[in-house]
Each structure stands twice: as C-alpha cells, then as structure tokens.
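Peer 1:
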Amino acid sequence: MNYKETGQKILDAIGGKEKVQNLVYCAKRLYFTLADDKVVQTI
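Residue 36 in UniProt numbering sits at position 36 of the sequence shown, and the numbers go up by one each step.
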C-alpha cells in the first residue's frame, strides 16, 4: 500500500488540508472534523 498516495486521495476527496479542522487516528480509522462537509467526495 502506498500510504502517501492514499493520504493524498483522502485529502483530495475532502477538499484539501485547509478544510480539516481536526484529525484523530487509530490503527484502523481516521476521524476528521471538517469545516464544510458539503465538499466531501466519495472515493
């Protein structure tokens, strides 16, 4: 798995890093608090 590529795809889908207010992660999940959830795209 290419983690850099996967991370970039996630950021692109949520509208870029400037849209993230908070990020929490564990071994299996990422939890985002987004400034505007209307910009989210499914991947």
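From the three backbone atoms N, C-alpha and C, an ideal C-beta is built for every residue, glycine too.
#1: Between which two residues does the alpha helix (DSSP H) containing Gln8 stretch?
#2: Of all the options Leu11, Ala27 and Lys28, which has the alpha carbon lying nearest to the alpha carbon of Leu34?
#3: Indicate the three-state DSSP secondary structure (helix, strand or coil) for Val40 in the structure shown.
#4: Rounded to whole angstroms, what is the Cα-Cα separation between Gly15 and Val39?
Peer 2: Concretely, from the data shown:
#1: Counting from one through the sequence shown, the residue named residue 8 turns up at place 8. It spans Tyr3 to Ala13 - the alpha helix (DSSP H) in which Gln8 sits, taken as one unbroken run.
#2: Position 34 of the sequence shown, counted from the start, is the residue given in the question as residue 34. When each option's Cα is compared against that of Leu34, the closest is Leu11.
#3: On the sequence shown, residue 40 is found 40 positions in, with the first residue counted as 1. Reduced to three states, the DSSP call for Val40 is coil.
#4: Residue 15 sits at position 15 when you count from the first residue of the sequence shown. Residue 39 sits at position 39 when you count from the first residue of the sequence shown. Cα to Cα, the separation comes out at about 6 Å.
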